[in-house]
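Chains as they are written, first to last, in full-length UniProt numbering: chain A, 1 to 210; chain B, 1 to 210; chain C, 1 to 210; chain D, 1 to 210. Where a beta carbon is used, it is the ideal one built from N, C-alpha and C, also for glycine.
4 protein chains.
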Amino acid sequence: MPKVSAEYKEEKRNHILESALKCFSEKGYQATIIDDIVKDSNISKGAIYNYFASKEEIYLQLLKKRTDEFFEDMEQENASLTSAGKKLENLFKRWKKQELKEDDQQTMRVYIEFWLYGSRQEDLKSILAARYNRFIDYIVKIIKEGQESGEIKKELDPQNISRIFWALRDGNVLHYSFLGEEEQYRIAWDTIEEMFLSYVKNEIKSGHQD
Amino acid sequence: MPKVSAEYKEEKRNHILESALKCFSEKGYQATIIDDIVKDSNISKGAIYNYFASKEEIYLQLLKKRTDEFFEDMEQENASLTSAGKKLENLFKRWKKQELKEDDQQTMRVYIEFWLYGSRQEDLKSILAARYNRFIDYIVKIIKEGQESGEIKKELDPQNISRIFWALRDGNVLHYSFLGEEEQYRIAWDTIEEMFLSYVKNEIKSGHQD
Amino acid sequence: MPKVSAEYKEEKRNHILESALKCFSEKGYQATIIDDIVKDSNISKGAIYNYFASKEEIYLQLLKKRTDEFFEDMEQENASLTSAGKKLENLFKRWKKQELKEDDQQTMRVYIEFWLYGSRQEDLKSILAARYNRFIDYIVKIIKEGQESGEIKKELDPQNISRIFWALRDGNVLHYSFLGEEEQYRIAWDTIEEMFLSYVKNEIKSGHQD
Amino acid sequence: MPKVSAEYKEEKRNHILESALKCFSEKGYQATIIDDIVKDSNISKGAIYNYFASKEEIYLQLLKKRTDEFFEDMEQENASLTSAGKKLENLFKRWKKQELKEDDQQTMRVYIEFWLYGSRQEDLKSILAARYNRFIDYIVKIIKEGQESGEIKKELDPQNISRIFWALRDGNVLHYSFLGEEEQYRIAWDTIEEMFLSYVKNEIKSGHQD
DNA sequence: GATGAATGAGTTTTCATTCAT
DNA sequence: AATGAATGAAAACTCATTCAT
């Protein structure tokens with residue numbers, strides 16, 4: 001018989017994770033000290049350690065939660081979209097408007113840092129790889145759908161295209177996140193969309209005329 | 001009247017920088033401790049501080065040196081190339097064969113980390129921005145050349161295209177550097193080249209029909 | 001909702017300051033290392049840094065506390081004294097018996113070192129000057145009182161006399177603190193009292209006449 | 001058969017000591033690093049260690065040299081003075097005009113610091129005491145002369161008076177050296193002279209009468 | 001469950017001294 | 001004799017984690 005309800009605990013957990021995201025995003029994972037999270041969350045150091053075993057676990061949980069939420073979101077949005085092309089376009093739209101959600105903006109920085117951090121810790125590599133594959137698979141599925149429906153060129157390797165898609169996204173986000181020039185980012189993202197889709201889609205009625 | 005020659009000192013400096021690169025690349029900048037560099041270089045802690053004022057300065061000098069070398073290299077290679085298209089292709093070739101030079105591979109990781117690190121230190125932002133602009137300008141110049149010669153579509157904004165070029169490069173390198181799958185990287189890079197050049201070049205006798 | 005009472009913290013603070021005084025007095029400020037204070041106080045290094053931001057802050061707080069206590073003490077003692085002459089005599093008495101309080105003895109050494117230290121740190125000069133002026137003003141007030149009541153020669157400049165008073169005190173303390181010959185110190189101090197008071201007081205019924 | 005003349009070596013030694021005085025005076029003994037002396041003297045670190053075994057030895061030699069010079073000076077000046085009163089007045093005059101010689105000003109700071117430093121090093125205490133006694137004896141001799149000639153009160157203890165003389169001097173110098181207010185210092189010193197001499201001299205035809 | 005004081009290993013940097021040239 | 005590069009033992013300070021209350 002727990003003293004507090006499960007919801008209470010869940011809420012507190014999330015509260016900590018939100019503060020952690022803010023701090024990690026602003027100062028970086030290594031530079032963030034637990035006291036930063038204490039200050040931002042107004043939750044005591046001891047309490048934080050009641051919910052998470054270590055700073056690293058906070059990091060890991062944070063990334064997992066964000067990733068899960070991203071896929072939930074996508075699932076929901078895509079449910080109503082019928083073609084691969086629409087789904088891809090929706091994804092591009094997502095990052096075009098993303099700068100409005102400061103939240104996601106922060107997440108990106110933290111993701112990229114995690115990329116660095118995780119690639120150096122043997123024990124995190126599998127987590128990193130799993131997360132990466134989840135993203136890859138997500139696009140692979142769309143590409144395959146598109147190839148079946150004839151929207152997307154059959155000669156392309158879905159795995160390869162998916163990897164390129166994420167490389168494009170991450171490269172652009174990398175620049176944007178750290179240089180912060182929103183207008184340029186948006187223009188670049190538009191151009192990238194055009195370039196990517198025209199490369200990937202079948203010529204018939206190619207380009208943009210939705 | 002120094003006791004050792006300027007070359008000796010230069011060599012030692014480079015020796016330290018090489019060890020630093022190795023350490024920074026393996027463990028990350030923050031996680032690398034001076035003793036790691038001491039151990040790797042076999043140079044005493046005090047001696048290292050005779051050559052560099054701080055760990056951060058080692059980092060900065062390292063990046064500067066690498067960047068300078070990159071541009072020197074490029075300058076030299078491009079001197080013999082007559083068209084914008086050839087220059088771009090040469091750049092793609094460069095990163096395609098890059099994995100052979102382990103050295104450059106390391107530098108990339110460190111560059112990306114610097115991106116994160118620098119974007120959070122007010123005093124480093126200008127260095128970061130200057131470095132970024134140097135890279136941007138380099139491609140802008142090539143694009144403009146190509147537009148004048150008719151190789152490259154005139155309606156494209158050179159700045160924007162340059163940014164996209166580097167986003168492609170960085171995104172791909174980001175994935176490769178941390179996932180380390182060489183074969184996939186090379187294939188992706190080939191595809192990216194095709195995508196990019198076909199987007200950028202004028203259709204007449206368009207880029208790749210090997 | 002602190003886990004410990006304010007008194008507990010105050011006590012701990014004082015405990016650290018006392019150890020610091022002991023160490024600074026024995027070895028000097030610069031030569032004292034934090035581990036000396038750790039050893040003497042039996043408080044961990046980290047805990048010390050929970051109470052004070054730096055070694056220098058310990059020094060500053062220590063001096064401030066001692067100075068405050070000195071003036072509190074004086075205020076109390078002087079409350080019952082009605083004439084300027086009595087107040088001056090009381091001050092002389094204070095340092096005559098001072099050697100009995102080992103505590104004050106230590107403080108003096110540390111004060112003098114602070115004089116040296118502070119005079120070389122731009123940012124400490126104002127603290128030093130403020131402290132000095134507080135001492136000067138204290139005697140100035142007494143001198144003026146005495147001049148009004150007729151006890152003290154009207155032609156003397158209170159500021160100048162006050163400065164001389166403290167020069168006498170500091171000079172004597174300097175010698176005593178470092179040579180440690182108590183008997184000689186006490187005799188010198190008696191002589192100084194006689195010299196000073198006979199110079200300062202109006203002849204009529206002057207306290208000391210040879 | 002030495003390679004260089006004794007004079008050359010002596011000159012170099014003095015050069016180092018002069019630089020050391022400057023540095024010690026400006027930054028303090030502990031805060032001065034050998035490289036400060038190297039920079040100021042333009043003599044290499046190795047060479048400095050050829051002339052002195054350690055930083056401490058430089059300090060000690062410096063103090064010794066300065067003390068010796070002081071007494072040589074005094075001897076010379078006093079040779080032409082016939083009475084104890086004149087000799088004392090001459091001493092007062094010396095410190096009154098001293099601020100003009102920046103050199104001596106520096107020495108004072110260093111002396112005071114040495115007082116602190118020396119009193120904490122068992123092995124330096126005897127050096128300190130010897131130096132102190134040399135100063136004490138110097139005044140004792142003058143006082144005794146004055147007592148014999150009738151200039152100075154016979155009932156005074158020469159040792160005690162000598163100690164007080166130096167306490168006055170050191171106290172005043174302490175304040176001046178670190179607060180640096182020249183005008184105030186000079187006025188105080190005048191007043192101290194008046195106070196001291198009127199206390200010490202026989203009333204008949206006393207030097208200073210207000 | 002919550003609190004925040006305490007811990008101490010770990011980190012960067014300094015600097016007196018040495019010694020090969 | 002002179003040089004200055006090299007050494008490495010300190011020293012101040014940090015911060016993830018623990019644990020008594």
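Using beta-carbon positions only, say whether residue i and residue j come within less than 8 Å of one another.
i, j, result
"B:Lys174", "A:Leu60", "Reading off the sequence shown, one finds Leu at residue 174 of chain B, where the question assumed Lys. No, these two residues do not count as a Cβ contact at 8 Å."
"A:Arg131", "A:Thr67", "yes"
"D:Met197", "D:Leu88", "Note that residue 197 of chain D is Leu in the sequence shown here, rather than Met. Going by C-beta atoms, D:Leu197 is nearer than 8 Å to D:Leu88."
"B:Lys201", "B:Ile152", "yes"
"D:Ile139", "D:Ser162", "yes"
"B:Leu168", "A:Gly180", "no"
"A:Tyr199", "B:Met195", "yes"
"C:Glu193", "C:Phe70", "no"
"D:Phe178", "C:Ser119", "yes"
"C:Tyr8", "C:Tyr117", "no"
Just curious, the alpha helix (DSSP H) that residue i is in, first and last residue?
i, result
"B:Tyr185", "Glu182 to Val200"
"B:Gln38", "Residue 38 of chain B is actually Val in this sequence, not Gln. Note, B:Val38: alpha helix (DSSP H), Ile34 to Ser41."
"D:Ala6", "Ala6 to Lys27"
"residue 220 of chain B", "Because chain B in this structure spans residues 1 to 210, residue 220 of chain B falls outside the shown range and cannot be described."
With DSSP run on the structure shown, which of helix, strand or coil describes residue i?
i, result
"B:Ile152", "strand"
"C:Gln159", "helix"
"D:Lys144", "helix"
"C:Phe92", "helix"
"A:Arg66", "helix"
"C:Gly85", "helix"
"D:Ser119", "coil"
"C:Glu72", "helix"
"C:Ser80", "coil"
"C:Ser54", "coil"
"A:Glu203", "coil"
"D:Gln61", "helix"
"B:Gln106", "helix"
"D:Ala129", "helix"
"B:Lys3", "coil"
"B:Ala167", "helix"
Closer than 7 Å by C-beta to residue i: which residues in its own chain qualify, once you throw out the five before and the five after it? Chain order, please.
i, result
"B:Phe135", "Trp166"
"residue 227 of chain A", "Here chain A has residues from 1 to 210 only, and residue 227 of chain A is not among them."
"B:Glu77", "Asn90"
"C:Tyr176", "Tyr185"
"B:Thr32", "Cys23 and Phe24"
"A:Leu100", "Because the pLDDT at A:Leu100 is just 47, under 50, the model does not fix this residue reliably, and the value given afterwards should be weighed accordingly. So no residue of the chain qualifies."
"C:Gly146", "Ala84, Gly85 and Ile152"
"D:Lys55", "Ile34"
Going by beta carbon distance, what residues of the same chain come within less than 6 Å of residue i, once the five residues before and after it are set aside?
i, result
"A:Ala20", "Ile37, Ile58 and Leu62"
"A:Tyr111", "none"
"D:Asp210", "The pLDDT assigned to D:Asp210 is 46, lower than 50, so where the model puts this residue is not dependable; a value taken from the coordinates is nonetheless given after this. Nothing meets the Cβ criterion."
Residues in its own chain within less than 8 Å of residue i by CB, not counting five upstream and five downstream?
i, result
"D:Leu81", "Lys87 and Asn90"
"A:Ile48", "Ile16, Ile34, Ile37, Val38, Ser41 and Ile58"
"A:Gln159", "Ile136 and Val140"
"A:Lys150", "With the sequence shown as reference, residue 150 of chain A is identified as Gly, and Lys is not the correct amino acid for it. If we look at A:Gly150 and ignore the five residues flanking it on each side, its Cβ neighbours are Asn202."
"A:Leu156", "Ile143, Gln147 and Val200"
Residues of the UniProt domain "HTH tetR-type" (10-70) of chain A with Cβ closer than 8 Å to any Cβ of chain B, in chain order:
Glu26, Lys27, Gly28, Gln30 and Ala31
Mind checking the region 84-95 of chain C against chain D and listing, in chain order, the residues whose C-beta falls within less than 7 Å of any C-beta there?
none
Can you give me, in chain order, the residues of the region 152-172 of chain B that have a beta carbon less than 9 Å from any beta carbon in chain A?
Leu156, Asp157, Gln159, Asn160, Ile161, Arg163, Ile164, Trp166, Ala167, Leu168, Arg169, Asp170, Gly171 and Asn172
Using a beta-carbon distance cut-off of less than 8 Å, what residues from the region 114-137 of chain C approach chain D?
Trp115, Leu116, Tyr117, Gly118, Ser119, Arg120, Leu128, Ala129 and Tyr132
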